[in-house]
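Reviewing the structure listed below.
Residue numbers (our numbering): 33 to 298.
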């Protein structure tokens, strides 16, 4: 920000971002590339921590589509498992609607049941009012859901022939649900890394000056993409001449000192 007010916690912007077109090309882009090279091995061994966004994602999902909250409350999730029959799921959904205050049952003077539907907070999120709408609505949150008909005689004799069931959705057992709950607190997409992993540095050296390009490597070869790890190793072993060519290739700017090209402030 130009003309920043420090009392408001504002920071003055570097005018070179606006006035010097070569500033980003010659200084910022190479520094960003250097930071990426530093973090690649760490990314490969530890993954990306999505834990901080889990709660926000759940809230956004349930706000836009109430069926997300339904399947989580009932313990359903995507995956292979036993058949889930449409009538059973529909019955559970109706009960859930009643508990949530979305559906109310009334009876007229003749004793006939009447369904009273209350609006959801999101006007675009409509309740499922009939069983024939259930499959299409579930596909919105479980794209791989499949609908089939019960046609096998002798299999599940309590079921009627032609009854609809779903594959691609399963209900967690109580033990699995607790395990899943504790596991969900762990960062998504992360790998377990032993504290005993050796610390390994890859350097791009030019005399006494060295830039650390990568800081960690894993013992287990399967934990690291070998192609990217090999790339880091090869960059570290380049000659000065090759480093200059690499900098020029990546930034489009001739450079006599590749180390300084990769470091802001030199």
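Ideal placement from N, C-alpha and C gives every residue a C-beta, glycine not left out. Model, not experiment: these values are computed from the prediction.
Beta-carbon proximity of residue i to residue j, cut-off 8 Å
| i | j | result |
| --- | --- | --- |
| residue 115 | residue 197 | yes |
| residue 152 | residue 137 | no |
| residue 170 | residue 89 | no |
| residue 122 | residue 163 | yes |
| residue 40 | residue 108 | no |
| residue 134 | residue 150 | yes |
| residue 267 | residue 69 | yes |
| residue 139 | residue 145 | yes |
| residue 160 | residue 125 | yes |
| residue 172 | residue 97 | yes |
| residue 278 | residue 270 | yes |
Per-residue burial, residue i [other beta carbons within 10 Å of its own, 16 or more giving buried]
| i | result |
| --- | --- |
| residue 235 | Per-residue confidence for residue 235 stands at a pLDDT of 37, beneath the threshold of 50, marking its modelled position as unreliable; the derived number appears in the next sentence. By the neighbour-count rule (16 or more Cβ atoms within 10 Å), residue 235 is not buried but exposed. |
| residue 73 | buried |
| residue 180 | exposed |
| residue 66 | buried |
| residue 174 | buried |
| residue 62 | buried |
| residue 275 | buried |
Option in the options with minimal Cα separation from residue i
| i | options | result |
| --- | --- | --- |
| residue 182 | 117, 132 and 111 | 117 |
| residue 195 | 202, 187 and 201 | 187 |
| residue 110 | 45, 50 and 178 | 178 |
| residue 95 | 157, 36 and 84 | 157 |
| residue 205 | 53, 104 and 71 | 104 |
| residue 119 | 165, 91, 143 and 141 | 165 |
Residues bridged to residue i (per DSSP)
| i | result |
| --- | --- |
| residue 201 | 110 |
| residue 138 | 146 |
| residue 21 | In the structure as shown, the chain begins at 33 and stops at 298. Residue 21 is therefore absent and cannot be evaluated. |
| residue 116 | 198 |
Cutoff 6 Å; reference residue i; Cβ partners in own chain excluding five residues on either side
| i | result |
| --- | --- |
| residue 93 | 100 |
| residue 191 | 182 |
| residue 87 | none |
| residue 193 | none |
| residue 52 | none |
Contact set for residue i: own chain, Cβ-Cβ below 8 Å, skip 5 residues either direction
| i | result |
| --- | --- |
| residue 112 | 199, 200 and 202 |
| residue 71 | none |
| residue 176 | 110 and 200 |
| residue 189 | none |
Residues near residue i by beta carbon distance below 7 Å, same chain, minus five either side
| i | result |
| --- | --- |
| residue 48 | 55 |
| residue 263 | none |
| residue 102 | 125 and 128 |
| residue 213 | Caution is warranted here: a pLDDT of 43 is assigned to residue 213, below 50, making its placement in the model unreliable, and no coordinate value can be reported. |
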